[in-house]
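Enquirer: Numbering (the UniProt record's numbering), first residue to last: 1 to 305.
Before we start, here is the structure in question, set down as structure tokens.
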């Protein structure tokens, strides 16, 4: 009797988990389109405005969801929360710079290397074992990256590709920091990253003489990204990831990578180079192969977006 009543609820949880995680990927995939629509603001101004709306949104969300201040949760996590927050600032900065200086397809595909970097960092820092299949997938992914950056002859475009890899590394550090802190709760660390970003980007804007006042269009897009892209995406991912194994999360995360270039192609006519498409296909095959090979294994304690 128990198995009959619990099976449908388990199936429903899985179904909604897939829906929520896929929806999170759809929201995150619009980041390239959002940044492309910004006309004048530079990376530090965009990140400042986005971090303000993200921090306010997450503060309210955490208070309503947990009944306690996010600062209490941050103190409970301790130093790993600080490392995670700072690493996200680096990831956000590199991500925005990359999209502004290389194609969205190139940037999004390189962002997708974050899980592989997290696996290597976890192995080095936390002594977490890495499966043989994952090492093979990492080698294949490196080959795909080499193909993608082979035609980036311009210094600006090459810097954009390197920034995308730096962004992926930042997300990898974020993932490992949460594992180090032995917490599955992402939102307090993301909230802290928003506060760090506000302080850091404000100082950089002052140092570079950048205006704190953006055009209504640029300000609206940047503020909206903080709530609807990053914030709402995190809520959906957090809700959905609890009922899904790591392999399915990895496969569903490909929606973000595949849809990001699609939006800028549909709305702005932006295309990708042949090397980006070929190397990207190799990279996606490595990610999918690694996920499928580990489908029967127990999921890791933390999976970052």
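Even for Gly, the Cβ is constructed at its ideal location relative to N, Cα and C.
When you compare the CB positions of residue 11 and residue 97, do they come within less than 7 Å of one another, or not?
Expert: In this structure, residue 97 does not lie closer than 7 Å to residue 11 by Cβ.
Enquirer: Leaving out five residues before and five after residue 302 in sequence, what residues of the same chain have Cβ atoms less than 7 Å from its Cβ?
Expert: A caution first: residue 302 carries a pLDDT of 42, below 50, which makes its placement in the model unreliable, though a value can still be read off. So the qualifying residues of the chain are 175, 178, 179 and 184.
Enquirer: Which residue's Cα is closest to the Cα of residue 265: 282, 195 and 30?
Expert: Residue 265 has its Cα closest to that of 30, out of 282, 195 and 30.
Enquirer: How about residue 137 and residue 286: are their beta carbons less than 7 Å apart?
Expert: Yes, they are a contact pair.
Enquirer: Taking only three categories from DSSP, how would you classify residue 292?
Expert: Three-state DSSP puts residue 292 in a helix.
Enquirer: To the nearest angstrom, how far is the alpha carbon of residue 80 from that of residue 26?
Expert: Looking at the two C-alpha atoms, the distance is approximately 29 Å.
Enquirer: Three-state secondary structure (DSSP) at residue 225?
Expert: Correct three-state label for residue 225: helix.
Enquirer: Compare the Cα-Cα distances from residue 45 to each of 166, 200, 17 and 159 and report the closest residue.
Expert: With distances taken between Cα atoms, residue 45 lies closest to 200.
Enquirer: Assuming residue 222 and residue 49 are in contact, meaning their beta carbons sit under 8 Å apart, how far apart are those beta carbons, in whole angstroms?
Expert: 4 Å between Cβ atoms; contact.
Enquirer: Whole angstroms are fine: how far does the CA of residue 192 sit from the CA of residue 74?
Expert: Cα to Cα, the separation comes out at about 8 Å.
Enquirer: Note down, in chain order, each residue of its chain lying with its Cβ closer than 6 Å to the Cβ of residue 28, except the 5 sequence neighbours on either side.
Expert: Correct list, in chain order: 233 and 256.
Enquirer: Would you call the region 98-110 in contact with the region 194-214, where contact means no fewer than 3 C-beta pairs closer than 8 Å?
Expert: Flag = no, the region 98-110 and the region 194-214 do not touch.
Enquirer: Throw me the rounded Cβ distance for the residue 290 and residue 132 pair, which I believe falls under 8 Å.
Expert: Not quite, the Cβ-Cβ distance comes to about 11 Å (not below 8 Å), so this is no contact.
Enquirer: Quick one: Cα of residue 67 to Cα of residue 77, how far?
Expert: Answer to the nearest angstrom: the Cα atoms are 17 Å apart.
Enquirer: Have a look at residue 217 and residue 22 and give me their C-alpha separation to the nearest angstrom.
Expert: The alpha-carbon atoms of residue 217 and residue 22 are separated by roughly 28 Å.
Enquirer: Comparing C-alpha positions only, which one of 227, 212, 249 and 72 sits nearest to residue 34?
Expert: Ranking 227, 212, 249 and 72 by Cα distance to residue 34 puts 227 first.
Enquirer: Run through DSSP, which three-state label would residue 270 get?
Expert: Residue 270 falls in the coil class under three-state DSSP.
Enquirer: What first and last residue would you give for the alpha helix (DSSP H) that runs through residue 34?
Expert: From DSSP, the alpha helix (DSSP H) with residue 34 extends over 31-37.
Enquirer: Name the residue from 273, 245, 171 and 271 whose alpha carbon lies nearest to the alpha carbon of residue 116.
Expert: Out of 273, 245, 171 and 271, 171 has the C-alpha closest to the C-alpha of residue 116.
Enquirer: Cα-Cα, which of 213, 181, 89 and 53 is closest to residue 126?
Expert: It is 181.
Enquirer: Look at residue 294 and residue 144 and say whether their C-beta atoms are less than 7 Å apart.
Expert: No, the Cβ-Cβ distance between residue 294 and residue 144 is not below 7 Å.
Enquirer: Going along the chain, which unbroken runs of the alpha helix (DSSP H) with 4 or more residues stay wholly within the UniProt domain "EamA" (159-289)?
Expert: Runs found: 187-208, 216-224, 232-241, 246-252 and 254-268.
Enquirer: Give me the Cβ distance between residue 148 and residue 276, rounded to the nearest whole Å; I'm assuming they're in contact under 8 Å.
Expert: Sure, about 5 Å apart at Cβ, within 8 Å.
Enquirer: List the whole-angstrom C-beta distance separating residue 197 from residue 51, where the pair is believed to meet the contact cut-off of C-beta under 8 Å.
Expert: Yes, they are in contact, since the Cβ atoms of residue 197 and residue 51 sit about 4 Å apart, within 8 Å.
Enquirer: Might you give, ordered along the chain, the residues of its own chain that have their beta carbon closer than 7 Å to the beta carbon of residue 59, omitting 5 neighbours on each side?
Expert: 70 and 191.
Enquirer: Whole angstroms are fine: how far does the CA of residue 158 sit from the CA of residue 240?
Expert: Taking the straight line from one Cα to the other gives about 36 Å.
Enquirer: Could you please give the first and the last residue of the uninterrupted alpha helix (DSSP H) stretch that includes residue 134?
Expert: First-last of the alpha helix (DSSP H) with residue 134: 132-149.
Enquirer: Counting along the chain, where does the alpha helix (DSSP H) carrying residue 110 start and finish?
Expert: Its alpha helix (DSSP H) spans residues 104-111.
Enquirer: Note the first and the last residue of the continuous alpha helix (DSSP H) segment covering residue 76.
Expert: Here the alpha helix (DSSP H) through residue 76 covers 70-77.
Enquirer: Could you check if residue 38 is buried or exposed, using at least 16 other CB atoms within 10 Å of its CB as the buried criterion?
Expert: When all chains shown are included, residue 38 counts as buried.
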